[in-house]
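Reviewing the structure listed below.
Numbering (this note's numbering), first residue to last: 564 to 686.
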C-alpha cells in the first residue's frame, strides 16, 4: 500500500549562485484551471523556504490579471545591480517553443519531483 505524502507545494527548483551562497527558485506546475489562490499558496511557499528567493509558476494557460496582481505583491529580488520579479510566470507553450525562460541571476541546475516521489511505503 502507498500513502501519498504532500509535496508542500514544490514541484521543482532552479538553483543559482550568489555571493551569500546557493539560493533557489521554487517551481509550481498547474494543469487546468488556475486561480489567484494558487499564487497566494506559492507565495506562502516562497516565504516558508529559507533558501528560496524566487518562485516560478508554470501553467497551460496565461495567468489572469488577478493572478499577476497577486504575484506583484511579492515584490522583487535585487542582486548584482539587477532586479528580478520574485514571482514569475511561464506557460507550457512558451517553454516548449523556447520563447521565454525564468529570469534568475545565474543557473546552476534544476531538480524535479520524479514519478513515485512523494509516496511512502506502508507495511
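Ideal Cβ positions, reconstructed from N, Cα and C, are used throughout, including at glycine.
A check of alpha carbon separations from residue 653 across 589, 579, 609 and 664 identifies 664 as the nearest. As DSSP reads the structure, residue 622 sits in a beta bridge with 593 and 654.
In the DSSP annotation of this structure, the continuous segment of the beta strand (DSSP E) that includes residue 575 starts and ends at 575-581. Counting along the chain, no alpha helix (DSSP H) covers residue 613, and no H or E run does either. Just so you know, the alpha carbons of residue 645 and residue 594 end up roughly 31 Å apart. In the structure shown, the three-state DSSP call for residue 584 is strand.
Here residue 637 has 606, 649 and 650 as same chain residues with Cβ atoms under 6 Å from its own Cβ, once five neighbours each way along the sequence are excluded. The residue from 609, 582, 601 and 584 with its alpha-carbon nearest to that of residue 576 is 609.
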